[in-house]
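Below is one structure, written out as structure tokens, with a few remarks after it.
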Amino acid sequence: MNPEPRKPPQDAVTVRHLRLGIGSVGIALPVVLVVGHLVATRRLTLLDSLSGYYHTELRDVFVGALCAIGVFLIAYRYRWPDDALGTVAGVLAVAVALFPTTVGAAAGTTSQSDRWVGVVHQVAAASLFVLLAVFCLALFTRPDRVGAPPSPSAVRFYRACGGVILVAILLALASTQLPADVRHALKPVLWCETVAVFAFGAAWVAKSDALLRAAGDGSKDPGEAPRDLVA
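What follows is the structure, given as structure tokens:
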């Protein structure tokens with residue numbers, strides 16, 4: 001009789017689900033915003049940035065998705081510094097959701113305080129992307145447990161995701177120097193943000209699968225949590 005397949009420890013399952021949730025929501029967000037706006041307006045109209053969808057009928061989706069990512073990141077308890085950086089990133093994600101951008105707001109409706117809120121949004125968003133790149137470049141490239149380092153191809157993938165995030169954000173910042181009519185026609189910030197979000201989401205989904213494989217091999221008792229999950 002074949003033995004029952006080993007199950008990963010409960011702590012590993014929790015971490016995997018958080019990683020999978022963070023990545024899945026991130027990947028889905030740009031698609032849901034664009035398609036949802038298309039369905040609601042019955043025309044394909046791309047906004048200048050993902051944050052601009054806050055000022056549309058997709059506001060609740062935008063805020064809800066970012067708050068969900070924020071809560072997942074704050075709840076992410078793996079090991080230091082993943083824990084600390086996850087908490088900071090989670091707070092930043094919630095700030096991005098609750099401090100809306102002024103880009104996309106109706107003309108003449110923004111006050112001085114609204115503009116300061118927009119500055120908070122931009123700083124929080126840029127800082128969040130930088131931390132998500134750090135996860136890909138410095139944290140995901142480490143082993144999920146002692147004796148189980150990620151494969152060279154996995155390390156290259158995580159580093160590529162981190163590099164894509166940083167390059168996309170730098171290009172988005174640089175694109176603000178383009179003439180307004182060019183920015184409006186090409187939507188460079190929207191495309192750069194979308195690429196960065198896809199890269200971050202792909203890295204988190206891939207890392208969730210890597211943890212499942214590492215926790216499910218036969219080198220430890222199936223009821224024993226990997227050491228670095230409780231370190």
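First residue of the sequence shown: 1, per this note's numbering; consecutive thereafter.
Every residue, glycine too, gets a C-beta built ideally from N, C-alpha and C.
Computed from a prediction, not measured in an experiment: that's the story for all the values here.
Which of helix, strand or coil DSSP assigns to residue i
i, result
"Thr56", "coil"
"Arg16", "helix"
"Phe200", "helix"
"Arg49", "The amino acid occupying residue 49 in the given sequence is Ser; Arg does not appear at that position. Coil, per DSSP."
"Pro100", "coil"
"Leu44", "coil"
Straight-line gap, residue i to residue j (C-alpha atoms, nearest Å)
i, j, result
"Val13", "Asp82", "17 angstroms"
"Ala206", "Val39", "31 angstroms"
"Asp175", "Asp11", "Here the sequence assigns Ser to residue 175, which means Asp is not the residue at that position. Between Ser175 and Asp11, the C-alpha separation is close to 43 angstroms."
"Glu57", "Leu131", "29 angstroms"
"Val71", "Val195", "23 angstroms"
"Leu22", "Phe140", "Note that residue 22 corresponds to Ile in the displayed sequence, not to Leu. Rounded to the nearest angstrom, the two C-alpha atoms are 14 angstroms apart."
"Ala95", "Ser208", "25 angstroms"
"Ile69", "Ile169", "19 angstroms"
"Ile74", "Ala124", "15 angstroms"
"Leu166", "His121", "18 angstroms"
"Gly118", "Thr101", "4 angstroms"
"Val155", "Gly163", "12 angstroms"
"Tyr78", "Arg16", "10 angstroms"
"Arg42", "Val61", "18 angstroms"
"Gln177", "Arg183", "9 angstroms"
"Leu128", "Phe99", "14 angstroms"
"Val197", "Ser111", "30 angstroms"
"Leu92", "Glu193", "16 angstroms"
"Ala65", "Leu18", "14 angstroms"
"Cys161", "Arg142", "15 angstroms"
"Arg115", "Val35", "28 angstroms"
"Pro149", "Leu137", "15 angstroms"
"Phe157", "Gly90", "23 angstroms"
"Leu171", "Trp191", "10 angstroms"
"Ser153", "Val134", "18 angstroms"
"Ala233", "Tyr76", "Here the chain has residues from 1 to 231 only, and residue 233 is not among them."
"Pro267", "Trp80", "Shown here, the chain extends from 1 to 231; a query on residue 267 therefore has no answer."
"Ser269", "His37", "Summary: the structure shown does not reach residue 269, with the chain confined to residues 1 through 231, and so no result is reported for it."
"Val32", "Ser151", "33 angstroms"
"Cys67", "Leu173", "24 angstroms"
Distance cut-off 7 angstroms: residue i Cβ against heavy atoms of the ligand ZN
i, result
"Leu170", "As for the ligand ZN, it is missing from this structure, which has no ligand bound."
Check: What residue ranges within the region 57-91 form continuous alpha helix (DSSP H) runs of no fewer than 4 residues, ordered along the chain?
Finding: Complete alpha helix (DSSP H) runs here, min 4: 59-75.
Next item on the list: Write down every uninterrupted run of the alpha helix (DSSP H) in the region 104-189 whose length is 4 residues or greater and which is fully enclosed by it, in chain order.
Entry: Scanning the region 104-189 from its first residue to its last, the whole alpha helix (DSSP H) runs of 4-plus residues come out as 112-134, 152-175 and 180-186.
Check: Three or more beta-carbon pairs under 8 angstroms between the region 179-196 and the region 47-54, yes or no?
Finding: The region 179-196 is in contact with the region 47-54.
Check: With a cut-off of 8 angstroms, do at least 3 Cβ pairs link the region 53-61 to the region 77-96?
Finding: They do not touch, by the three-pair rule.
Next item on the list: Please determine if the region 196-204 and the region 26-36 are in contact, where contact requires at least 3 C-beta pairs separated by less than 8 angstroms.
Entry: Contact between the region 196-204 and the region 26-36 is present, because at least three Cβ pairs lie under 8 angstroms.
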